[in-house]
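Protein chains: 2
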Amino acid sequence: MDAHQPAEPNVPVWYIGHHLPTPNVGINIGTLEEEISNGYDMITTYITNANFRARIEQATSGAHADNKAHLYIPSLDAEEVNIHPGEHIPQVIAFTSSWIDLDSEDPLFAHVSRQVLAHELEYAAFCGVSTVVIEGPKRKTNVAQYAQIIHTTLLKGSYTQIHVHLPMTEEEGVATNNGEIYDEFSMWDVWNTIRTVCKYNARLSLALRIPAVLPSRHLVNRWFAEPIRTLLIPSSTFCPNPKGYPTFSTAHQGLLTRYMKLRPVPYILISDTHVEPTPVVAAGSGSRSKPRYEPLGYLVYLRHLQKNQPPQSTVERFGAGYQDYLQAPLQPLADNLESITYEVFEKDPVKYDQYEKAIKAALDVRDPNETIIVAVTGAGRGPLVSRALRASKSANRSIKLIAVEKNPNAYVHLLRHNRDTWAGQVTVVKSDMRSWNPPFKVDIIVSELLGSFGDNELSPECLDGVQRVLNPNGGISIPASYSAHYTPIMAPKIHADILSRRSDPDAPETPYVVMLQAIESLAENEYIHRAWDFHHPLPANTMSEAAALGGGFIGLGDGGNDHNIRKSKATFKIPRRGVVHGLAGYFESVLFGDVELSTRPDTIDAKSKDMISWFPIFFPLKTPVQLPDDSEVDVTIWRETSERKVWYEWSVEAFTKGSRGQRFRVGVTELHSSKKNGCLM
Amino acid sequence: MDAHQPAEPNVPVWYIGHHLPTPNVGINIGTLEEEISNGYDMITTYITNANFRARIEQATSGAHADNKAHLYIPSLDAEEVNIHPGEHIPQVIAFTSSWIDLDSEDPLFAHVSRQVLAHELEYAAFCGVSTVVIEGPKRKTNVAQYAQIIHTTLLKGSYTQIHVHLPMTEEEGVATNNGEIYDEFSMWDVWNTIRTVCKYNARLSLALRIPAVLPSRHLVNRWFAEPIRTLLIPSSTFCPNPKGYPTFSTAHQGLLTRYMKLRPVPYILISDTHVEPTPVVAAGSGSRSKPRYEPLGYLVYLRHLQKNQPPQSTVERFGAGYQDYLQAPLQPLADNLESITYEVFEKDPVKYDQYEKAIKAALDVRDPNETIIVAVTGAGRGPLVSRALRASKSANRSIKLIAVEKNPNAYVHLLRHNRDTWAGQVTVVKSDMRSWNPPFKVDIIVSELLGSFGDNELSPECLDGVQRVLNPNGGISIPASYSAHYTPIMAPKIHADILSRRSDPDAPETPYVVMLQAIESLAENEYIHRAWDFHHPLPANTMSEAAALGGGFIGLGDGGNDHNIRKSKATFKIPRRGVVHGLAGYFESVLFGDVELSTRPDTIDAKSKDMISWFPIFFPLKTPVQLPDDSEVDVTIWRETSERKVWYEWSVEAFTKGSRGQRFRVGVTELHSSKKNGCLM
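Note that the protein sequences, when read in sequence, are chains D and X.
Each residue of the first sequence is one higher than the one before, starting from 11 at the first, in my numbering.
Each residue of the second sequence is one higher than the one before, starting from 11 at the first, in my numbering.
Structure follows, in structure tokens:
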């Protein structure tokens, strides 16, 4: 299938197919070869032809005349099909008949349609076709009936991918009842209903038709979160450039660039290439050159776009392959990390620069005449040690540097590093920082214990544990503080993934680390709420009380870690209907002074652009919550702690306004708790 | 606990306790014995006393003064508790401190309250107390916080029953925000949120406080569906009779009678018996006698009510013990029924009378000079055979009577019955009715194959199969027709039961036979929708087409049973917010002429009063759907068939009206299918 795919590494792979012009052309290897020679990667065909349709129409009108309520449709005949098994099949996308009307209000024709669909799909599967496109429902009022048939269809096959063909908006699509109000999100609503009825089946996805006039950015974003596997691009979507050749508007170019970032990459199908062009000319733009559209002009233009896609960002390059892939958060305290894990983290082009700046800034405020004692606690393979050494040089300060590390394997590495690279300037100590007991006080403690939600890898508990050794007079912790942030999102792809993990009952109560891609932020202006903060060092009285409860050890004993309990509640305004599948979580941290880190999409560029060390965290919901237009979501989230563990609990409530203006609840989830998968101290 | 319970079989068991007047009385076996001698069954106590409260208040104000965010509360002291282990404990209901404020907006006091609750519950559990009443949330705006703590509490103990104490309406209860609109259902909403967050935990139930002025009948019905385990009845609920003794209004009597039908039977706790009475006098009723309320007067009156409860109805007597108990529907075709099962069905006082009337009416329209051939197909132990004989006598018609039965054990019984009781008048045939092949045609076929949803035990398929033997000229089937009916209901108790069956993945997709009790019909005017009908005999052309597809056998072969496929969609108006947990299903049947059967609550009394043979059917929803006020529910349900099975599929959508008057979807379930548990042909 890769004949037309680029050799250049920076050009993305786009599979472009030709949606053949008439529904009645039998195809074979010759058809495919001709289209490949034209530059296409794939072809499409309807599974059956006009003979079949004629048979069905005749039988149906006979049954109507006899006033029958049902009609048995025998299976296909040799003269009724467009495809046969053959070597071209892997590059064929099959379409079921467009005249099938699964949601018909005529019970007889609905019954007939259902049988026709079954015959077509069974025959396509027999031929080895892996992707079948089925027309979406013909009306908005009978979606459950349509969805029930798709559900049955999905249960029958175990192989065929089903793409439901829908327009982005109802404008050009599904019939509406008379007098009904135009509703931009209605086609999305239809899709949401179908896939919910079908239990987010992994073999059910979208063939989305791109319109000549694009809908609002909100709707474009909404579809982006959905499993688009095919983009249908009719020739009417193109407009002529000054020379009259078919091109895309800037908006269409942007949409295509965006949607082609989805993984798996959607197929592109160009349709109506032989239709006389009637390009849409934007109002006021005047008439441009006369269109000079050749059937192949559309393909040529899309190949041109493919070669001229904007380069990937640092984060895109780093995250390739990780989009929407769920990972359990690290347990750095309970497990010893492997070298490769450290290596991945050390590649970050931004994080360690920020740390070096912060260490220098902290050294700058110290007395230039004293020797400053600096400890890197949890030194790993030593990246912060190197940066501390560089910072002391650039700040022109004398430091005594200690590297504390509990992982015995990393300790060996640090010793060698000290001998070979750091010229023995570093004191390497093998110890859990919480039990390290040096005969002096440390002026600056540097650590990198933050997780995707800030405190989720037990940074507060570790830094509390090491605070004993910090100089009580002006001792500094880098980071000085950090905060957790969250917002409700739609994430159907992730939800489907979690649903598929039925054998693991904890799957829907685990916070995952995940590079969020096919998601939509539901809150007005994509608002993200700051949940809570942690500051280091702790006030002396908090420390002494916690230590008293723990018999001298912070975090142990009843209530000894209660100062690290947190709770946050926030209300999010939701302007447009949608479905909450979970919460996206981020963090911000002040390392020192004005040196900060952020993973929040709205502040990362200002605070730590191109930082790649952390993907967001995702708190799933067992059962998604459906939201009406102009609703509100209340999220409550808790950071809980026992003597051995830290975990989160979360619940979501949905509200709307009643006719008397009262706020009333329209949905509430059960309590989710990650206690079973909590982070061990 | 049964000292004061009735010896008479018709008097119900009511456990009445005394909610002791002050929160600061330590109790022991003497306290209990005194109250038992007064006529009570139980006593209550607060777990801790004023000493404990004083300690907590002092510590809290100290922490507030120090501006602390958290405060560790050590556990209880000997001088701080009201209970100790002892033989009185089984008759003690413990209350946690009413000043605990779990949903406090002061984080410190919320944190303190949570610890206080944990200490009290742990101590009560240590003492062996099995039921603890906890005050509901103090405000409507922070319910998730309250619920999260209850959730944690439920996870800790595995034995204690927790009753959340709530008023029926917000009028006298939870603090509301200033200017908020009065909302009759808000306390129910609070409860619904708590139990949803707590995953319908079986150990979480309600201690409902009865107000002096009862709310609307709708709210009384709503609470009836919930797990009320304690009724708190303050002395202010009583009003004086002409002699000045405390009594209940008619409405209060009705409420008590209704709620005391719940299973398990709620405890009654009388409170404020030593408070000076200020009875509510209905407006316009004028002043009655001066109240002469003694502390024991309330108890005396409730014992009087207990002894004078109205007698149970036939259905209540028959269904005792079966309330909300889920049973899988029978598989009479696949399994052979046991004698005891037949015996239960034969006890019905109404069903067989109706059958006899129908047979007589069918005989009446036949030519009096011919011998009428009557077959009872699926004769079981013969109740319809006896009725056919009686009908022939009263109609004064000569009949030839055949009893066809496939169950070899029932066949033996029929043979004996024919010899001993029917004087050999009956021809007994051992055969599945679908393969019975007599050398004559039958004039009247009588069968009793209906299930709780009419067609769910394959009556259509069986009667199609035997239609071959029916006289094509005016042959009669009794029943002549039947129809399936459904309506959306709230059924939290049943939902909790299904949730507890986690090990069975099919549990939420099984239609259950169940005597519905703790449910609420959600549709406006409790509307029930007629889904579909079956008529017998089938038209000749339907028969011949189906037989052609099945190679001569009805119901076999592709499409051979398609005429028994059904689909129904209905929209239900929902005036008051609620939660749909599933669909209640009923049936109606025309046996012959105007002789009918019905299980619909709104038509059973007119058509077949006191008929007990069928409980309703319940189609569950995996995930309940939350409904706003003035919403609509669309239900779609399918009767599906393959060559071997019949099953149902169902889905529910919820809609509301948007600000522009448009109807929009606020919820949709996945498709439910009983295919795995379908009824085998």
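Even glycine gets a Cβ: it sits at the ideal position worked out from N, Cα and C.
Other residues of its chain near V325 (chain D): CB distance less than 7 angstroms, five sequence neighbours each side excluded: D620, I622
Anything in the segment 57-79 of chain D with a Cβ closer than 9 angstroms to a Cβ of chain X? List those residues in chain order, please. D76, K78, A79
DSSP on A88 (chain X), reduced to helix/strand/coil? helix
Is the Cβ of E642 (chain X) closer than 8 angstroms to any Cβ of chain D? no
Taking a Cβ distance cut-off of 7 angstroms, strictly less, list which residues of the segment 645-658 of chain X are near chain D, in chain order. T646, W648
Can you check the segment 345-403 of chain X for any beta strand (DSSP E) of at least 3 residues that lies completely inside it and give the ranges in chain order? 382-387
Every unbroken beta strand (DSSP E) within the segment 101-167 of chain X, with a cutoff of 3 residues, ordered by chain: Runs of the beta strand (DSSP E) inside the segment 101-167 of chain X: 102-105, 141-145.
Output the distance between the C-alpha atoms of P585 (chain X) and L532 (chain X), rounded to the nearest integer angstrom. 8 angstroms
Please report the straight-line C-alpha distance between Y192 (chain X) and I93 (chain X), rounded to a whole angstrom. 39 angstroms
In chain order, which beta strand (DSSP E) runs of at least 3 residues are fully inside the segment 596-645 of chain X? 605-608, 627-637
Candidates X:S246, X:Y255, X:H284, X:L218, of which the one nearest M270 (chain X) by Cα: It is X:L218.
For S140 (chain D), go through chain X and note every residue whose CB falls closer than 9 angstroms to its CB, in chain order. The premise fails here: S140 (chain D) is roughly 24 angstroms from chain X at the closest Cβ pair, so nothing lies under 9 angstroms.
In its own chain, which residues sit with a C-beta less than 8 angstroms from the C-beta of S323 (chain X), not counting the 5 before and 5 after it? D620
Taking only beta-carbon positions, decide if S114 (chain X) is within less than 8 angstroms of chain D. no
Below 8 angstroms, how does it come out for the segment 221-236 of chain X and the segment 505-524 of chain X: are there three or more Cβ pairs, yes or no? no
Going by DSSP, what residue range makes up the beta strand (DSSP E) through E659 (chain D)? 655-667
Which one of D:D604, D:R610, D:E606 has the shortest CA to CA distance from G595 (chain D)? D:R610
Specify the secondary structure class of E534 (chain X) as computed by DSSP and reduced to three states. helix
At a CB-CB cut-off below 8 angstroms, which residues of chain D make contact with K209 (chain X)? E680, L681
Would you say A261 (chain X) and L601 (chain X) are within 8 angstroms of each other, going by their C-beta atoms? no
Contacts around R444 (chain X), its chain only, beta-carbon distance under 7 angstroms, and the 5 residues preceding and following it disregarded: C472, G475, V476
Spell out a yes or no on whether the segment 45-57 of chain D and the segment 74-81 of chain D are touching, meaning 3 or more CB-CB pairs, one atom from each, closer than 8 angstroms. no
Would you call the segment 490-508 of chain X and the segment 674-681 of chain X in contact, with 3 or more CB pairs under 8 angstroms? no
Relative to the C-alpha of A338 (chain X), which candidate in X:K150, X:R376, X:D516, X:Q435 has its C-alpha closest? If we check each option's Cα against that of A338 (chain X), X:D516 comes out closest.
Establish whether the CB of L559 (chain D) and some CB of chain X are separated by less than 8 angstroms. yes
Segment limits, beta strand (DSSP E) that includes R239 (chain D): 238-244
Within 8 angstroms (strictly less), CB to CB, does Y82 (chain X) reach chain D? True, the Cβ-Cβ gap to chain D drops below 8 angstroms.
Which value, in whole angstroms, describes the spacing of the CA atoms of V645 (chain D) and Q155 (chain X)? 11 angstroms
Bridge-paired residues (DSSP) for M500 (chain X): X:E530
Could you please tell me which residues of the segment 474-487 of chain D, in chain order, have their CB closer than 8 angstroms to any CB of chain X? none
From L459 (chain X) to L593 (chain X), what does the alpha carbon distance come to, in whole angstroms? 22 angstroms
Could you pull out every residue in the same chain whose Cβ sits closer than 7 angstroms to the Cβ of S85 (chain X), ignoring the five residues on either side in sequence? H129
Distance between G688 (chain X) and F450 (chain X) (C-alpha atoms, nearest Å): 34 angstroms
Counting only Cβ-Cβ distances shorter than 7 angstroms, please list the residues of the segment 521-550 of chain X near chain D, keeping chain order. Listed in sequence order: no entries.
Along the alpha helix (DSSP H) that carries H314 (chain X), what are the first and last residues, could you check? Residues 307-317.
Find the residues of chain X that neighbour H161 (chain D), judging by a C-beta separation of less than 7 angstroms, and give them in chain order. L681
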